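Below: the structure, in structure tokens.
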Amino acid sequence: MGQTLKRWVRGVALLPAFALTGALAYAQDADLEARLSALEESVSGSASSYVDNSYLFLIGGLIVMFMAAGFMCLEVGLVRSKNAAMQSMKNVLLYAVAGLMFWVVGYNMAYPGSTILGGLLGTTPGIWSGGDLGVESDAGYAPASDWFFQMVFVATAASIVSGTVAERVKLWGFLAFTAVLTAFIYPVVVSWEWGGGYLDSAWAFSDFAGSTLVHSVGGWAALVGAIIIGPRTGKYFGKQVHAMPGSNIPLAGLGTFILWFGWFGFNGASQLAAGTVPDINSVAQIFANTNMGAVGGTLGAMIMTAILYKGKVDATMVFNGALGGLVSITAEPLTPTMGQAVLIGGVGGVLAVLTVPLLDKVKIDDVVGAIPVHLVCGIWGTMIVPATHGMAIVPNEAGDPNFVGQFVGVALTAVFVSAASLVVWLALKFTIGVRATEEEEMMGMDKAEVGLEAYPDFTAG
Amino acid sequence: MGQTLKRWVRGVALLPAFALTGALAYAQDADLEARLSALEESVSGSASSYVDNSYLFLIGGLIVMFMAAGFMCLEVGLVRSKNAAMQSMKNVLLYAVAGLMFWVVGYNMAYPGSTILGGLLGTTPGIWSGGDLGVESDAGYAPASDWFFQMVFVATAASIVSGTVAERVKLWGFLAFTAVLTAFIYPVVVSWEWGGGYLDSAWAFSDFAGSTLVHSVGGWAALVGAIIIGPRTGKYFGKQVHAMPGSNIPLAGLGTFILWFGWFGFNGASQLAAGTVPDINSVAQIFANTNMGAVGGTLGAMIMTAILYKGKVDATMVFNGALGGLVSITAEPLTPTMGQAVLIGGVGGVLAVLTVPLLDKVKIDDVVGAIPVHLVCGIWGTMIVPATHGMAIVPNEAGDPNFVGQFVGVALTAVFVSAASLVVWLALKFTIGVRATEEEEMMGMDKAEVGLEAYPDFTAG
Amino acid sequence: MGQTLKRWVRGVALLPAFALTGALAYAQDADLEARLSALEESVSGSASSYVDNSYLFLIGGLIVMFMAAGFMCLEVGLVRSKNAAMQSMKNVLLYAVAGLMFWVVGYNMAYPGSTILGGLLGTTPGIWSGGDLGVESDAGYAPASDWFFQMVFVATAASIVSGTVAERVKLWGFLAFTAVLTAFIYPVVVSWEWGGGYLDSAWAFSDFAGSTLVHSVGGWAALVGAIIIGPRTGKYFGKQVHAMPGSNIPLAGLGTFILWFGWFGFNGASQLAAGTVPDINSVAQIFANTNMGAVGGTLGAMIMTAILYKGKVDATMVFNGALGGLVSITAEPLTPTMGQAVLIGGVGGVLAVLTVPLLDKVKIDDVVGAIPVHLVCGIWGTMIVPATHGMAIVPNEAGDPNFVGQFVGVALTAVFVSAASLVVWLALKFTIGVRATEEEEMMGMDKAEVGLEAYPDFTAG
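Chains as they are written, first to last, in the numbering used here: chain E, 1 to 461; chain W, 1001 to 1461; chain A, 2001 to 2461.
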């Protein structure tokens, strides 16, 4: 206090000098102002957060894009060698078709400017035309980085269908279905939630990275496809199930690891921002939780098969368990603790194993087990979201995820995707055809539709 | 206005107090100055743009490095099983040789301090020695990040040759050619354009990420190699072409996806900067356009083969179509619209399919179709650049890409690389040899030069 | 000078005006202050360095995670086809077990709050519980990004063991060993150095990215395992060594490239920070040096096998040479020049080739050559560190790496890991068992423990 007083006294005595310092201060201010302006420009020019966010989409999207290779390896490894070239090619083609359709109509359908029917349908479909490269987008990231990231998600949904209907679907029928799925069916469902539509606004539905929006959508489309197309010839005799073992288990294993790898982008970049401390902390936690979900699924499936098969562990079940764990943690990879992530994934892994014989019982032939992994675990992962969010039962004012809302989301997706898929599969069945002839199937799709063999040096003509 | 006047009046009346505030302002200025200095240091220390740019090179380079694995898979999948170990090993060895030579001489040859012969030859070849780690490089990115990024490009050029001359080239001859290609031939061409030499200064030649500089260079070297080394024994009988199908189509499919994946780094990081809004917007748009180029190529090849083969779709053609689309969009992945990118890539895919029989007609044996993909599409992609840049015919004052300049670049590269490759392949032919004996070829390169088999459990001894 | 005087005179004459400017300066200050505050918040909010560092861990960790796929491909390619499904599955399972155990106990054991026994043992083992997502961690990066990065390292150590003991180890015994290795053995060694314990404080031991801490630890555990479990039935008859060639050399080649790819994250992200100019420069140089180490190893092994086998080059030796070069450069990838990196890696590649027959001489059966690559090259790389750091012989005041300190680190790791592994392998041998029966081994682990075949279409039942 005395100090302060002294400073005041000295100040008053030195008034003229202070007047002088006023002038100096003014000069100095000009200098400060110049430096501040330069700094502002530099900081704004370097656009740190904007760049960080865009990098998140680009790198995340890049490794999700690589999941297309993972699906290819997994599916090719699980089909018989006479269909392996077809399956390889089909996975490249579906990725191309998905990209084309999502540009032509899908993206603007999923993220519409406005909606009708209470948020059930977007009204500005059409070609996505990019943004102005010289301008900072209001969204806080480069426009094309978002398009790219969303596009690789739609390809994932299409890849799921590809595995289920393998070894007997006709190429052109499959590609036509893929076109409709990626142009309309998937985008409509996405518009309800990520596009801010009905499920988001009316039910506080919550699906962080797509257990329902991506995986269940693919799963329902695959299920309906498997029913319409029918099982592979010879798969079921009365009550007997004839095993048709995959021809390249190591390739399926590699596919599993590629998908696990890509899932860090799938979930991590779904944080949608990485330029601040809380955002990057969250991305990191999502990485850790995503891994633990897969760990739970892997070990859950391992334990389950060891129990069912008396100590033997089925490799394909372990691979599907890992993927089931990943699908399960996808609806909410941020709020669970690491232990909860293991548990959520673990239940997913067990479900993936237990659902396989149920499908066989009703003679639905799912070649790679995509329905257990993507549909069943997708539903499980979605329904468990409120458990790490305060356990709300119904929508509340805070907009918390709630069990009823989650159920509505799951059910609405089920009804819409099943119905739409049914219409499309049936329309294709009665026009260009979706099912290879028995002769073609026996010969293998490679000879029938691709005109070359996958492994000509190893398999007898 | 009255308000302002009042403030002035009050100000004059309160002169002594104002003098005091001058003193306070001075004190506050010191505080502001300290905070500003701290902030300046922090911003400069965090070096946002510098870090962002370096990350672009490192991450881009990393996934371009992985393209080496993609070429391996593609090529190994398209050779017969008796040469698959050789092809695997050769791809690892060529990547190592390329890295060594580009360090010893290539990098400083491609980016010389000064040039002679009107910019046709750099004058400071020699070992690249890195930079001072503690200092911010004037280039705006970490020096070694650029070396790394450039090095993985030269490895790409070498990988292209490897596929064409597979199944009959001798290991040592091939590696010797790779050494010369990566130390001299490729760097000289790069110096003309990216090194700021003749093509850049005299013709405003434009090749964003290397349709000509990387892919055509590899393509010409491969073409001359295929001619000098000759076709595989038994490939051509008179006018008949004997098909020698690849032994592992799924592996070729995986290779295609790995290359597609890596291409986002190839083109995206060729923006060379990512630390500002326009730069990161551009990187993102390049990602989207690169994908659409590949989509066009894939679907173009699919449609083309379906027409040619009556509804069947050739898997290897689809893979090459995707790659052809990617090569085509590489010369300019930024300025085209998404639709133009599909078109540019689509023409590339069609060209890749149509060129294969032409090569067979003149008995040039290109095992994996690298010449259609990398050379033909490389030329196409380069020639179409001015179409999305204002259609200039000749060099203008604005330095726009122009058709004549593009043609000069393509032609000069053709002449130089063909001539240099011819000299080197011939020199090797008459010294250490480039062609396996017929006996070695029949036995397979694996037994002849590697001393083990690729798939010993599957193929009869 | 006259100018300055004039300004002073003018200043005094205009005192009242100056007093006014004082007032203006004050007002302007308030404006400046507001702008400065906003900027400070923006810079701190965008948290540039914090984000950059976290990105380094996440992206680095991501591609190190992918090394799990690389080890799978390498090992599956080098076992016989009857054990390929087992080897695929085992690699997925070990990655899951490692993640689980490192969360439950390993991470907090490796990075303990305090230590006892002079830094030999951490005292706060237990579950890793993450951090507060809303808060900037004092460490300068997102907490979970570090957990993720460290976790993928422990998985690497476990993968090394998997290859050596392949084709005869029992699944449950192997997984139990993996659990102990990743929960206790590896974390204890890491705590001595990266956790700031005994080796770091007492010996200035230096191991940048884990030549000893990761690779030797895995190597010693593998060596002891190979001795306890014994060689594959039929591998050694008296002095004869029976070759058991790998069944899928291209897959091993792909694995090599995946590992090479992942190693950029392994070494590069071990810089631990990327948010400043010196840090990102260093990360970039580490990329370049890591590549040159692999180049040296590849070419060293190529030359060595060409000499030993009269011109033939062994593909698996080349692959292991690349990996040996990478392990060798891992202990210090920053300070060597590019040329030194080639040399260090080159010696590693030669050592990898020369050690294989020595192991066979003492009948230690290492299926994939993991002991030469990870243990021998790990020791070599660690011992050569002081050579690029001033060649100190003993610890000095500057804390430089020194030959005696490096030897102590290598020796202590050898003693501890060997002893601990011996106890665990023996305990497992006499309880759940670690060795398949001769009958199971003949049948193949796939039929014995997995219940399906890896390649059912290609191998006779």
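Think of the CB as a built atom: it goes at the ideal place given N, C-alpha and C, for glycine as much as any other residue.
Bear in mind the structure is a predicted one, so any value in this text is a computation, not a measurement.
Could you work out which residues of chain A lie near residue i, taking near to mean beta carbons separated by less than 8 Å?
i, result
"W:Ile1059", "Ile2059"
"W:Leu1036", "Leu2036"
"W:Val1076", "Pro2250, Gly2253"
"W:Met1244", "Within 8 Å Cβ-Cβ: nothing; W:Met1244 doesn't reach chain A, min ~17 Å."
Answer with yes or no whether the minimum CB distance from residue i to chain E is below 8 Å.
i, result
"W:Asn1281", "yes"
"W:Val1241", "no"
"A:Trp2103", "yes"
"A:Ser2145", "yes"
"W:Asn1083", "no"
"W:Arg1080", "yes"
"A:Leu2005", "Caution applies to A:Leu2005, whose pLDDT of 49 falls short of 50 and renders its modelled position unreliable; the value that the coordinates give is listed next. No - not a single Cβ of chain E is within 8 Å of the one on A:Leu2005."
"A:Leu2062", "yes"
"A:Gly2045", "Confidence at A:Gly2045 is low in this model, with a pLDDT of 43, below 50, so its placement is unreliable and no value can be given for it."
With distance defined between alpha-carbon atoms, name the residue in the options nearest to residue i.
i, options, result
"E:Gln340", "E:Val327, E:Gly296, E:Val64", "E:Gly296"
"E:Val154", "E:Met302, E:Ala98, E:Thr124", "E:Ala98"
"E:Lys429", "E:Gly369, E:Ser159, E:Leu175", "E:Leu175"
"A:Lys2170", "A:Met2244, A:Met2086, A:Met2383", "A:Met2086"
"E:Ile116", "E:Gly70, E:Leu259, E:Gly196", "E:Gly196"
"E:Pro336", "E:Gly321, E:Gly444, E:Phe208, E:Gly300", "E:Phe208"
"E:Val356", "E:Ala387, E:Leu308, E:Phe458", "E:Leu308"
"E:Ser201", "E:Pro231, E:Gly118, E:Val188", "E:Gly118"
"W:Leu1259", "W:Phe1184, W:Asn1291, W:Gly1173, W:Leu1422", "W:Asn1291"
Beta-carbon of residue i versus every beta-carbon of chain A: anything under 8 Å?
i, result
"W:Ser1048", "yes"
"W:Gly1444", "no"
"E:Leu117", "no"
"E:Leu181", "no"
If we cut at 8 Å on Cβ distances, does residue i have a partner in chain W?
i, result
"E:Pro456", "yes"
"E:Phe266", "no"
"E:Leu32", "yes"
"E:Leu133", "yes"
"A:Leu2253", "Residue identity check: residue 2253 of chain A is Gly in the sequence provided, not Leu. For A:Gly2253, the answer is yes, since a Cβ of chain W falls inside 8 Å of its Cβ."
"E:Glu441", "no"
"A:Ile2258", "yes"
Using a Cβ cut-off of 7 Å, pull out every chain W residue sitting near residue i, in sequence order please.
i, result
"A:Val2318", "Met1089, Val1092, Leu1093"
"A:Ser2247", "Tyr1455, Pro1456, Asp1457"
"E:Met65", "Phe1261"
"A:Val2295", "Ala1096, Gly1099, Leu1100"
Any beta carbon from chain C within less than 8 Å of residue i's own beta carbon?
i, result
"E:Glu453", "Absent here is chain C; the protein component of the structure consists of chains E, W and A."
What does residue i reach in chain A if we use C-beta pairs closer than 7 Å?
i, result
"W:Val1051", "Asp2052, Ala2274, Gly2275, Ile2280"
"W:Glu1136", "Val2277"
"E:Ala269", "Within 7 Å Cβ-Cβ: nothing; E:Ala269 doesn't reach chain A, min ~10 Å."
"W:Met1072", "Gly2253, Leu2254, Phe2257"
"W:Leu1171", "Val2313"
Who are the neighbours of residue i on chain A, taking C-beta pairs under 9 Å?
i, result
"W:Glu1449", "Gly2311, Lys2312, Val2313"
Can residue i be considered in contact with the ligand HEM, in the sense that its beta carbon sits closer than 7 Å to one or more heavy atoms?
i, result
"A:Gly2234", "Ligands in the displayed structure: none, and consequently the ligand HEM is not present."
Quick one: which chain E residues come within Cβ less than 8 Å of residue i?
i, result
"A:Phe2148", "Ala284, Phe287, Ala288, Asn291"
**Q.** 3-residue-minimum beta strand (DSSP E) runs that sit fully inside the segment 2211-2242 of chain A, ordered along the chain
**A.** none
Q.
Under 8 Å: do the segment 2363-2383 of chain A and the segment 2342-2355 of chain A share three or more Cβ pairs, one atom per stretch?
A. yes
Q | Segments of 4+ residues assigned as alpha helix (DSSP H) that fall wholly inside the segment 1119-1154 of chain W | A | none
Q: Specify whether the segment 2419-2439 of chain A and the segment 2394-2411 of chain A touch according to this definition: at least 3 beta carbon pairs, one from each stretch, less than 8 Å apart.
A: no
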